[in-house]
Amino acid sequence: SYAYRYALQTAAVKRLMQQPTTRAVWGYGLESFYDVHLEGPLLGEPHDFLSCDHAWVEILVETGFVGLGIMIVLLLTPALSVLKVLLRKGEEHRQLALMLFVNLVVFYFQMLSVGMYSWGQNGYMLWITIAITYSYLRMSSAGTITGVERVQQPEQADRNLIYGKQSWWDALETA
Numbered sequence: 095s096y097a098y099r100y101a102l103q104t105a106a107v108k109r110l111m112q113q114p115t116t117r118a119v120w121g122y123g124l125e126s127f128y129d130v131h132l133e134g135p136l137l138g139e140p141h142d143f144l145s146c147d148h149a150w151v152e153i154l155v156e157t158g159f160v161g162l163g164i165m166i167v168l169l170l171t172p173a174l175s176v177l178k179v180l181l182r183k184g185e186e187h188r189q190l191a192l193m194l195f196v197n198l199v200v201f202y203f204q205m206l207s208v209g210m211y212s213w214g215q216n217g218y219m220l221w222i223t224i225a226i227t228y229s230y231l232r233m234s235s236a237g238t239i240t241g242v243e244r245v246q247q248p249e250q251a252d253r254n255l256i257y258g259k260q261s262w263w264d265a266l267e268t269a
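Taking the working numbering, the leading residue of the sequence shown gets 95, the next gets one more, and so forth.
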């Protein structure tokens, strides 16, 4: 299965490098992968690559090395930004930062083996995750995320309920 992806990558780069000043730089245009009709060896036999099971190669063929570079910067920036928060902030920020970082990295890894970026639903989910990441980063830098609240001991919760220091939601949870 992965032999197909490596052969696809090799065939794509070979095809782009046939015209290094045009196609290698700018690609063949969006949604053009299936019209390019890539051919190359797969397991020692000639093969026509009719499907693109490698989103990074699809981006490369359609937008060239310039487009691939831009896409790498666009997609890796949120992951690196949240990684910085993960490494620098206190414990209260680590869980959400780790979850966002792992989600982004897993998506980018899956792009190696599936042409999923061009699928509508997956692309939407990626950009929703990126939007959530940037919202989190903004809230984190503005100090609006205060951290994890500590769980009160039952006696303290009862005393706070009596003296009106607990919200109605907390009162429901302790009841």
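Where a beta carbon is used, it is the ideal one built from N, C-alpha and C, also for glycine.
Chain-order list of residues whose beta-carbon lies under 8 Å from that of residue i (same chain, five-residue window excluded)
| i | result |
| --- | --- |
| residue 244 | A caution first: residue 244 carries a pLDDT of 45, below 50, which makes its placement in the model unreliable, though a value can still be read off. Excluding sequence neighbours, residue 244 sits near nothing in its chain. |
| residue 152 | 127, 146, 209, 211, 212 |
| residue 107 | 154 |
| residue 110 | 117, 118, 121, 154, 155, 158, 159 |
| residue 176 | 191, 194, 195, 198, 227, 230, 231 |
Environment of residue i [buried if 16+ CB atoms lie within 10 Å]
| i | result |
| --- | --- |
| residue 230 | buried |
| residue 270 | Past the boundaries of the shown model lies residue 270; the chain is included only from 95 to 269, so the question cannot be answered. |
| residue 227 | buried |
| residue 112 | exposed |
| residue 205 | buried |
| residue 225 | exposed |
Secondary structure of residue i, DSSP reduced to three states
| i | result |
| --- | --- |
| residue 156 | helix |
| residue 98 | helix |
| residue 135 | strand |
| residue 142 | strand |
| residue 172 | helix |
| residue 205 | coil |
| residue 210 | helix |
| residue 111 | coil |
| residue 116 | coil |
| residue 234 | helix |
| residue 217 | helix |
| residue 335 | This structure does not reach residue 335, given that the chain is present from 95 up to 269, and the question cannot be answered. |
Separation of residue j from residue i, as counted between CA atoms
| i | j | result |
| --- | --- | --- |
| residue 155 | residue 169 | 18 Å |
| residue 163 | residue 171 | 12 Å |
| residue 100 | residue 236 | 44 Å |
| residue 133 | residue 144 | 9 Å |
| residue 201 | residue 220 | 7 Å |
| residue 178 | residue 222 | 20 Å |
| residue 167 | residue 135 | 31 Å |
| residue 207 | residue 181 | 29 Å |
| residue 98 | residue 130 | 17 Å |
| residue 218 | residue 148 | 18 Å |
| residue 114 | residue 216 | 31 Å |
| residue 142 | residue 96 | 16 Å |
Own chain, CB closer than 6 Å to residue i, minus 5 neighbours either side, in chain order
| i | result |
| --- | --- |
| residue 103 | 151 |
Residues near residue i in its chain [Cβ-Cβ closer than 7 Å; skip 5 each side]
| i | result |
| --- | --- |
| residue 185 | none |
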